[in-house]
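Asks:
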DNA sequence: AGGATATTGTAGCACGCGCTACAAGACTTT
DNA sequence: AAAGTCTTGTAGCGCGTGCTACAATATCCT
């Protein structure tokens with residue numbers, strides 16, 4: 001009796017597929033970037049070989065597209081989780097919350113990847129614009145739900161805050177956080 | 001008399017140096033991107049060999065840093081050129097002008113490169129953050145000069161408009177120009 | 001059980017990358 | 001003119017890239 005399966009539990013291998021591959025791949029991409037990622041490191045992060053990635057995705061471009069789609073989905077889910085308790089009562093408060101949310105260390109990899117997606121989108125890389133569009137749409141929908149209840153124009157307000165927020169985040173990442181802060185002080189949000 | 005310099009004018013070769021190399025290199029980078037650019041294509045764009053680029057710059061990283069600095073300078077100069085005639089009379093008008101300026105087709109390569117610089121800045125690539133910081137500072141200074149004369153707070157206002165403008169431009173590049181437009185309609189700029 | 005099909009490993013190809021060794025030419029200085 | 005420095009060309013190294021050919025194994029259907 002040669003002990004055919006000594007420890008079946010810990011080493012049960014779920015069949016490798018796009019679905020099982022994408023999460024570890026996304027982790028790697030969030031850490032090391034999307035453009036610079038190459039097949040062999042990606043494969044190692046997912047516990048496989050480049051050969052297998054190509055088997056399951058066909059070629060690198062489709063891999064990247066799938067990753068972008070998947071990450072956009074994860075981002076949406078993360079947003080849905082992050083609904084703060086209690087509605088803010090003013091637009092200013094609402095914006096402050098989002099900015100605070102976006103500056104959490106846990107969000108940093110997302111932020112870094114986000115600007116890479118924007119850049120790829122600007123350059124016209126395949127799949128980037130779609131992912132960016134989707135992520136912004138989700139962000140916008142989430143923001144609308146977060147608007148103050150008595151806001152006279154929640155839809156427009158959300159778009160306004162989104163614009164302001166993205167501008168602020170960008171300025172923050174290039175070392176002009178202070179500029180952004182001072183800018184917000186000169187908006188109608190601070191001096192109604 | 002062997003005619004020491006038969007046709008000095010048309011074929012005078014200015015000595016190759018960083019200064020003479022950078023302009024054609026910048027042109028290539030504006031067209032093809034910074035991250036993906038490699039030595040041999042860059043060299044061809046400047047009419048030399050990769051060997052020479054390394055001779056004059058030492059290694060690729062210093063080349064890229066020099067390019068970023070140079071491009072930031074060019075951008076500043078372009079801004080100084082682009083001072084519209086007559087001051088705008090309202091912040092809204094001021095923002096409209098800038099956005100119009102930024103959407104000119106001639107500015108597109110700059111825009112595309114800009115988001116790449118932001119992305120590199122977010123990822124911490126060497127030289128990117130400095131360049132981005134410089135470019136934003138220039139933009140801000142330029143904007144302050146463009147503010148309405150009777151503005152109660154030109155410094156703050158410029159920072160506010162800068163934030164709004166960058167947010168709008170970003171949304172535009174990812175296919176949400178409409179979202180940005182509607183956002184601006186819900187700001188104090190449109191409904192004072 | 002046996003044959004078809006799906007999955008995986010090994011090895012390698014052709015290419016582009018940043019960079020370097022070496023030497024030939026150009027120019028300047030003595 | 002000789003010697004030395006500055007500039008440039010040629011050739012190539014070692015590596016990582018996306019991708020493929022081929023074969024071995026695992027899995028499923030009859």
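Chains as they are written, first to last, in my numbering: chain A, 1 to 192; chain B, 1 to 192. All residues carry an ideal CB built from backbone N, CA and C; glycine is no exception.
Please give me, in chain order, every unbroken run of the alpha helix (DSSP H) with length at least 4 that falls completely inside the region 103–181 of chain A.
Replies: Complete alpha helix (DSSP H) runs here, min 4: 108–123, 128–146 and 154–173.
Asks: Check this for me: beta carbons of residue 184 of chain B and residue 162 of chain B, under 9 Å apart or not?
Replies: No.
Asks: Closer than 9 Å, CB to CB, is residue 137 of chain A near chain B or not?
Replies: So, interface residue.
Asks: Unbroken alpha helix (DSSP H) runs of length 4 or more, entirely within the region 13–73 of chain B: which are they?
Replies: Counting whole runs of 4 or more residues, the region 13–73 of chain B contains the alpha helix (DSSP H) stretches 18–32, 39–45 and 50–57.
Asks: Just to confirm, is the Cβ distance from residue 17 of chain A to residue 64 of chain A under 9 Å?
Replies: It is not a contact, given that the beta carbons lie outside the stated cut-off.
Asks: Return helix, strand or coil for residue 189 of chain B, following the three-state DSSP convention.
Replies: Coil, per DSSP.
Asks: Taking a contact to mean a Cβ-Cβ separation below 9 Å, would you say residue 96 of chain B touches residue 117 of chain B in this structure?
Replies: Their beta carbons are not under 9 Å apart, which means residue 96 of chain B does not touch residue 117 of chain B by this criterion.
Asks: Please state whether the Cβ-Cβ distance between residue 115 of chain B and residue 78 of chain A is less than 9 Å.
Replies: No, Cβ-Cβ distance for residue 115 of chain B and residue 78 of chain A is not below 9 Å.
Asks: Does the region 88–95 of chain A come close enough to the region 26–36 of chain A that 3 or more CB-CB pairs lie under 8 Å?
Replies: The region 26–36 of chain A, when compared against the region 88–95 of chain A, does not touch it at the 8 Å Cβ threshold.
Asks: Is it buried or exposed, residue 80 of chain A, if we count other Cβ atoms within 10 angstroms and call 16 or more buried?
Replies: Exposed: under 16 other Cβ atoms inside 10 Å.
Asks: Report back the beta-carbon spacing between residue 153 of chain A and residue 155 of chain B to the nearest angstrom; my notes put them in contact at under 8 Å.
Replies: Not confirmed; about 29 Å, so no contact.
Asks: Using a threshold of 9 Å, state whether the C-beta atoms of residue 252 of chain A and residue 70 of chain A are closer than that.
Replies: There is no way to answer for residue 252 of chain A, as the model of chain A reaches only from 1 to 192.
Asks: Do residue 190 of chain B and residue 99 of chain B have their CB atoms nearer than 9 Å?
Replies: Cβ atoms of residue 190 of chain B and residue 99 of chain B: not closer than 9 Å.
Asks: Can you pull the chain A residues whose beta carbon is under 7 Å from the beta carbon of residue 170 of chain B, in chain order?
Replies: Residues of chain A passing the Cβ test: 118, 166 and 170.
Asks: Mapping the DSSP letters down to three states, classify residue 97 of chain B as helix, strand or coil.
Replies: In the structure shown, residue 97 of chain B sits in a helix (DSSP, three-state: H, G or I).
Asks: Give me the subset of the region 174–187 of chain B whose CB atoms are less than 8 Å from a CB atom of chain A, sorted by chain position.
Replies: Within the region 174–187 of chain B, the qualifying residues are 174, 175, 176, 179, 180, 182, 183, 184, 185, 186 and 187.
Asks: Could one say the Cβ of residue 96 of chain B lies closer than 9 Å to chain A's Cβ atoms, at least one of them?
Replies: For residue 96 of chain B, the answer is no, since every Cβ of chain A falls outside 9 Å of its Cβ.
Asks: Nearest to residue 60 of chain B by CA position, among B/166, B/182 and B/36, is which residue?
Replies: Closest option to residue 60 of chain B, Cα to Cα, is B/36.
Asks: So, for residue 151 of chain B: in the same chain, excluding its five sequence neighbours on each side, which residues have a beta-carbon less than 8 Å away from its beta-carbon?
Replies: Closer than 8 Å at Cβ, skipping near neighbours: 91 and 157.
Asks: Whole angstroms is fine: what's the gap from residue 148 of chain B's alpha carbon to residue 50 of chain A's?
Replies: Each residue's alpha carbon lies about 58 Å from the other.
Asks: Using a beta-carbon distance below 9 Å, is residue 48 of chain B in contact with chain A?
Replies: So no, residue 48 of chain B is outside the interface.
Asks: If you measure between the beta carbons of residue 24 of chain B and residue 47 of chain B, is that distance less than 9 Å?
Replies: Their beta carbons are under 9 Å apart, which means residue 24 of chain B touches residue 47 of chain B by this criterion.
Asks: Determine the direct distance from the alpha carbon of residue 122 of chain A to that of residue 124 of chain B, and round the result to whole angstroms.
Replies: Whole-angstrom Cα-Cα distance: 20 Å.
Asks: Out of A/105, A/159, A/176 and A/44, state which residue places its alpha-carbon closest to the alpha-carbon of residue 94 of chain A.
Replies: When only C-alpha atoms are compared, the closest one is A/159.
Asks: Is it true that the CB of residue 136 of chain B sits closer than 9 Å to the CB of residue 62 of chain A?
Replies: It is not a contact, given that the beta carbons lie outside the stated cut-off.
Asks: Flag this pair as yes or no: are the beta carbons of residue 128 of chain A and residue 68 of chain A separated by less than 9 Å?
Replies: Closer than 9 Å, so yes.
Asks: DSSP state of residue 82 of chain A, grouped into three classes?
Replies: Note: residue 82 of chain A maps to coil in three-state DSSP.
Asks: In chain B, what lies closer than 7 Å to residue 159 of chain A by C-beta?
Replies: Those within 7 Å of residue 159 of chain A in chain B are 179, 182, 183 and 186.
Asks: Quick one: using the 10 Å Cβ neighbour count with 16 as the cut-off for buried, is residue 2 of chain B buried or exposed?
Replies: Because the pLDDT at residue 2 of chain B is just 37, under 50, the model does not fix this residue reliably, and the value given afterwards should be weighed accordingly. With fewer than 16 other Cβ atoms within 10 Å, it is exposed.
Asks: Which residues, in order along the region 129–156 of chain A, keep a beta-carbon less than 7 Å from a beta-carbon of chain B?
Replies: The region 129–156 of chain A vs chain B, Cβ under 7 Å: 129, 132, 133, 136, 140, 153 and 156.
Asks: When Cβ atoms are compared, which residues of the region 56–90 of chain A fall closer than 9 Å to chain B?
Replies: Answer in chain order: no residues at all.
Asks: Assign residue 87 of chain A to one of three DSSP states: helix, strand, or coil.
Replies: Residue 87 of chain A: coil per DSSP, three-state reduction.
Asks: Are any of the Cβ atoms in chain A nearer than 9 Å to that of residue 162 of chain B?
Replies: At least one chain A Cβ lies under 9 Å of residue 162 of chain B.
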